[in-house]
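Going by the numbering used here, the first residue of the sequence shown is number 49, and it counts up by one from there.
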Amino acid sequence: MAKQRGFTLLELMIVVALIGILLAIAMPAYGPYVERARRSDAHNMLLTAAAAQERFYTSNNRYATTAAELGAAAVSEDGHYTLTLANGPSGNTQTFLLTATPAGAQATDGCGDLTYNSLGVRAAAGTTTNGRCWSN
Numbered sequence: 049m050a051k052q053r054g055f056t057l058l059e060l061m062i063v064v065a066l067i068g069i070l071l072a073i074a075m076p077a078y079g080p081y082v083e084r085a086r087r088s089d090a091h092n093m094l095l096t097a098a099a100a101q102e103r104f105y106t107s108n109n110r111y112a113t114t115a116a117e118l119g120a121a122a123v124s125e126d127g128h129y130t131l132t133l134a135n136g137p138s139g140n141t142q143t144f145l146l147t148a149t150p151a152g153a154q155a156t157d158g159c160g161d162l163t164y165n166s167l168g169v170r171a172a173a174g175t176t177t178n179g180r181c182w183s184n
């Protein structure tokens with residue numbers, strides 16, 4: 049009698065079902081880690097733009113009002129955030145506020161807009177369960 053080789057259809061379906069169950073459990077838990085990793089894209093963009101603002105201030109005795117004037121990119125390196133610049137109240141060019149707005153797949157991030165101002169204050173518009181939008 050010849051020995052049977054290979055897998056039966058039932059065994060194969062059990063393996064596929066187990067993989068599906070594991071993925072159903074793992075994928076929702078994986079999303080927040082991806083969003084947190086993408087947040088570093090915004091941190092890098094904001095801190096680079098803040099350094100450029102300080103260099104601009106040294107030369108012009110005022111802060112830049114647009115990303116083009118600053119010579120900074122309006123979109124983060126990986127494309128997950130867009131940069132906007134604002135000056136202080138009533139157009140006061142002695143202060144600035146940089147805002148990183150999530151775009152694309154990152155738009156669902158619970159932190160929302162990340163900001164950095166001329167005093168070095170870091171903030172997030174949204175809230176997250178861990179409350180750590182500026183730390184990875």
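Backbone N, C-alpha and C fix where the C-beta goes; we use that ideal spot for every residue, glycine too.
Remember, predicted model here, so these are calculated numbers, not experimental data.
For residue i, does the three-state DSSP call read helix, strand or coil?
i, result
"LEU133", "strand"
"ALA39", "No answer is possible for residue 39: it lies beyond the span of the chain, which begins at 49 and ends at 184."
"LEU118", "helix"
"LYS51", "coil"
"ASN178", "Confidence at ASN178 is low in this model, with a pLDDT of 46, below 50, so the placement of that residue should be treated as unreliable; the coordinate-derived value is given next. Correct three-state label for ASN178: coil."
"SER183", "coil"
Could you check where the alpha helix (DSSP H) with residue i kicks off and where it finishes?
i, result
"ARG86", "57-108"
"ALA172", "Element bounds for ALA172: not the alpha helix (DSSP H) but the beta strand (DSSP E), 170-172."
Taking Cβ positions, are residue i and residue j nearer each other than 8 Å?
i, j, result
"TYR164", "ALA85", "no"
"GLY119", "ALA100", "yes"
"THR141", "ARG103", "no"
Which stretch, first to last residue, makes up the beta strand (DSSP E) that contains residue i?
i, result
"ASN165", "162-165"
Sort the options by Cα distance to residue i and report the nearest one.
i, options, result
"TYR129", "GLN154, ALA50, SER183, ALA74", "GLN154"
"LEU167", "GLY152, THR113, LEU146", "LEU146"
"GLY136", "ALA74, ALA112, ALA122, GLU117", "ALA112"
"GLY160", "ARG180, ILE69, LEU71", "ARG180"
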